[in-house]
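In the UniProt record's numbering, the protein residues as written are 1 to 236.
Where is the CB? At the ideal position from N, CA and C, for every residue including glycine.
It should be emphasised that the depicted structure is a prediction, and the values quoted were computed from it without experimental measurement.
Here is the structure we will look at.
Structure representation (structure tokens):
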């Protein structure tokens, strides 16, 4: 089995992965760090990124990265499998939350930075976050059933502030929050608010959306299985 075939086989595992990103400001900030990135937009949609890295100083990993870069068919199959899995998760989430959801704009990007090769699979997810008068609330799938061996980064839209978060992130830069691998996320909930909404909330004029805003409402039983496999080194 060659390196490209081995890489593609990871996506054929019977598991569900939720991740995302693209060449967005969130992904560009730390372009050589593997992980899961969710970049929210004002309408509740998100660019969700699964970023995998290769150590190009290793002959084996450099060969795998080169094989993937030079094989158009392999890249096409990889991104189509990724979109298909994300679409299934979105369909379940839409049923549970009552929100309209759709996965579009799938793509794969390969880049290098020094001795690091980066593969980024991304999709645009419509309706990922619940919205309410200048607020975005993110709960599931991170609440309850999400597991990952890698960091989770959540980024709010420009002009939005973090008004509530549980659990506290391991690091925060303005509206960019990161939880390291192994963090307990059973009661995960993060609220972003625009400047006007945040001021209204501070003055006591806002309506509490915490318990009335539906989250994903889906069970992702095997996120860790595929997520960890994709982000692991491609070795036998």
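- Within its own chain, the residues whose Cβ lies closer than 7 Å to the Cβ of residue 175, once the five positions on either side in sequence are excluded, are 155, 156, 160, 161, 162 and 192, listed in chain order.
- In this structure the stretch 119-127 touches the stretch 101-111; the number of beta carbon pairs closer than 8 Å is three or more.
- Between the C-alpha atoms of residue 86 and residue 103 there is a straight-line separation of about 7 Å.
- In the structure shown, residue 188 adopts coil according to DSSP, grouped into three states.
- According to the DSSP assignment, residue 51 belongs to no alpha helix (DSSP H) but to the beta strand (DSSP E) extending over 46-55.
- By the Cβ-count criterion, residue 180 is exposed, with fewer than 16 other Cβ atoms from all chains shown falling within 10 Å of its own Cβ.
- Inter-residue distance for residue 189 and residue 178 is about 13 Å (C-alpha atoms, whole angstroms).
- In the three-state reduction of the DSSP assignment, residue 93 falls in the helix class.
- Per DSSP, residue 68 is one residue of the alpha helix (DSSP H) stretching across 59-70.
- Between the C-alpha atoms of residue 194 and residue 50 there is a straight-line separation of about 27 Å.
- Pairing residue 152 with residue 37, the inter-Cα distance amounts to about 6 Å.
- About 31 Å separates the beta carbon of residue 183 from that of residue 196, a gap too long to meet the 8 Å contact definition.
- Separation of residue 137 and residue 131 (C-alpha to C-alpha, rounded to the nearest whole angstrom) is 7 Å.
- Inclusion of residue 44 and residue 127 in the CB contact set at 7 Å is warranted, their separation being smaller than that value.
- Counting every other CB atom within 10 Å of its CB across the protein chains shown gives residue 47 a total of 16 or more, marking it as buried.
- For residue 166, DSSP records a beta bridge to 189.
- When DSSP states are grouped into helix, strand and coil, residue 111 belongs to the strand group.
- Around the Cβ of residue 98, a 10 Å sphere holds fewer than 16 other Cβ atoms; the residue is exposed.
- Residue 172 counts as exposed, since fewer than 16 other beta carbons sit within 10 angstroms of its beta carbon.
- Judged by DSSP in its simplified three-state form, residue 181 adopts coil rather than helix or strand.
- In terms of Cα proximity to residue 62, the closest of 116, 40 and 96 is 116.
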